[in-house]
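Numbering (our numbering), first residue to last: 5 to 84.
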């Protein structure tokens, strides 16, 4: 089962810049943004399944979630 996942704009833009930098050298063989995201998710799953890295990953996930929740409902300074 596939699913659509939202990626924050700044992360997507970073991936897009990587894609553009690879495109000139590798043309149609350059990895797509989807390729980069798929690889990152595979690495995430591998890290999660490794007891040596799982606790660090969990800490990062909980901190990310905490920050996201603390920003909910706040208006951005730039007015968007």
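Each residue gets a CB set at the ideal place from its N, CA and C atoms; glycine is no exception. Just so you know, these numbers come straight off a predicted model, no measurement behind them.
- For residue 40, the three-state secondary structure derived from DSSP is helix.
- For the pair residue 40 and residue 19, the CB atoms are nearer than the 8 angstroms cut-off.
- Less than 8 angstroms separates the beta-carbon of residue 26 from that of residue 35.
- DSSP places residue 57 within a helical segment (H, G or I) once states are collapsed to three.
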